[in-house]
Amino acid sequence: MKVKLKRRRYPGKLIVFEGTDGAGKTTMIAMAKDYLVSIYGAENVIVTKQPTDMSRKTKLFQKMMYCKNNRDVDYRAMQLLTLSDRMQHGFEEIETALRAGKTVVCDRYIYTSVANMSARGYKNEKWFFQAAKHILKPDLVFLAYVPPELAISRIKARPAEATRHLDERLLKRVAEEFKKLAHSNGFIVLDTAQAPNTAYEWVEKVLNDKIIKEKRV
Ligand SMILES: Nc1ncnc2c1ncn2[C@@H]1O[C@H](COP(=O)(O)OP(=O)(O)OP(=O)(O)O)[C@@H](O)[C@H]1O
Ligand SMILES: [Mg+2]
Numbered sequence: 001m002k003v004k005l006k007r008r009r010y011p012g013k014l015i016v017f018e019g020t021d022g023a024g025k026t027t028m029i030a031m032a033k034d035y036l037v038s039i040y041g042a043e044n045v046i047v048t049k050q051p052t053d054m055s056r057k058t059k060l061f062q063k064m065m066y067c068k069n070n071r072d073v074d075y076r077a078m079q080l081l082t083l084s085d086r087m088q089h090g091f092e093e094i095e096t097a098l099r100a101g102k103t104v105v106c107d108r109y110i111y112t113s114v115a116n117m118s119a120r121g122y123k124n125e126k127w128f129f130q131a132a133k134h135i136l137k138p139d140l141v142f143l144a145y146v147p148p149e150l151a152i153s154r155i156k157a158r159p160a161e162a163t164r165h166l167d168e169r170l171l172k173r174v175a176e177e178f179k180k181l182a183h184s185n186g187f188i189v190l191d192t193a194q195a196p197n198t199a200y201e202w203v204e205k206v207l208n209d210k211i212i213k214e215k216r217v
């Protein structure tokens, strides 16, 4: 499914990294940030993350994350909450930085909402896509992709997450939805099952081709 977002040209560029939990987004972002800083300077590169604490810290979000019984949460209420958060974050932080010519790297974006919604069986949410048209289309989207089994083993290996309830079947469906979105929305798919340095080589090549060359001229 092609997600229709707002098209607007700013002096700065928006680069998004998507992927399931444990796929390697944060690892790729840290490496991409160092490279972008070496070119544009630290003051011109912003690394940010969605959803922000504005939604993460709510009772509703916490319930979704930490309750085993998902029936306690109306998933559309969750979607409205994170959509509101993404919209305000886009307006207040991302677009402000882009207007000032900065390069913005965002860890997760609206495609996370789409993948999760589809994976839960919500397939015909016109209201969601109508609202999403007010969210800025990124200049470049990377999908960090690993087989779900590997993502799960990486998550379980993190000391902080060893006790978190992890819905493995859902993670597998989300991974599938991300792959479909990648295909229909032109994401650059990264094989993050490879060692970080190897996976990152492709990131740098794409940044050179699509972001840096274009911005230099
Ligand atoms: N390419 C890689 N090869 C091997 N291990 C990796 C690779 N990328 C990440 N890892 C390891 O996998 C784990 C998950 O990586 P990372 O934190 O980057 O994932 P993430 O996509 O940001 O996950 P989350 O959405 O949960 O924040 C980390 O422990 C990291 O060290
Ligand atoms: Mg991360």
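Heads up: the sequence shown begins at 1 in the UniProt record's numbering, then just goes up one per residue. Think of the CB as a built atom: it goes at the ideal place given N, C-alpha and C, for glycine as much as any other residue.
*Using a beta-carbon distance below 8 Å, is Trp127 in contact with chain B?*
Note that chain B does not occur in the displayed structure, where there is just one protein chain.
*Thr26 beta carbon near ligand 2 (any heavy atom closer than 7 Å)*: What you label residue 26 is simply residue 26 of the sequence shown in a count that begins at 1. Result yes, Cβ under 7 Å from ligand 2.
*Under three-state DSSP, which class holds Tyr122?*
To locate residue 122, count along the sequence shown from 1; it is residue 122. Taken through DSSP and simplified to helix, strand or coil, Tyr122 comes out as coil.
*Extent of the continuous beta strand (DSSP E) run through Asp107*: Here the question's residue 107 lines up with position 107 in the sequence shown. Residues 103–107.
*Taking Ala162 as the reference, which of Ile152, Leu171, Gly19, Asp107 has the closest Cα?*
To locate residue 162, count along the sequence shown from 1; it is residue 162. The shortest Cα separation from Ala162 among Ile152, Leu171, Gly19, Asp107 belongs to Ile152.
*Do you know offhand how far Lys179's Cα is from Tyr40's?*
Locating residue 179 in the sequence shown gives position 179, counting from the first residue. Locating residue 40 in the sequence shown gives position 40, counting from the first residue. Spanning the two alpha carbons is a distance of roughly 31 Å.
_Could you give the first and the last residue of the continuous beta strand (DSSP E) run that contains Ile152?_
As a position in the sequence shown, residue 152 is number 152, starting the count at 1. That residue, Ile152, is in no beta strand (DSSP E); its alpha helix (DSSP H) goes 148–157.
*Following the continuous alpha helix (DSSP H) through Glu204, name the residue where it begins and the one where it ends.*
Taking the first residue of the sequence shown as position 1, residue 204 is located at position 204. That run of the alpha helix (DSSP H) goes 196–207.
_Helix, strand or coil at Val73 [DSSP, three-state]_ = In the sequence shown, counting from the first residue as 1, residue 73 sits at position 73. Note: Val73 maps to coil in three-state DSSP.
*Consider the C-beta atom of Asp107 and the heavy atoms of ligand 3; say whether any pair is separated by less than 7 Å.*
This structure lacks ligand 3; the ligands present are ligand 1 and ligand 2.
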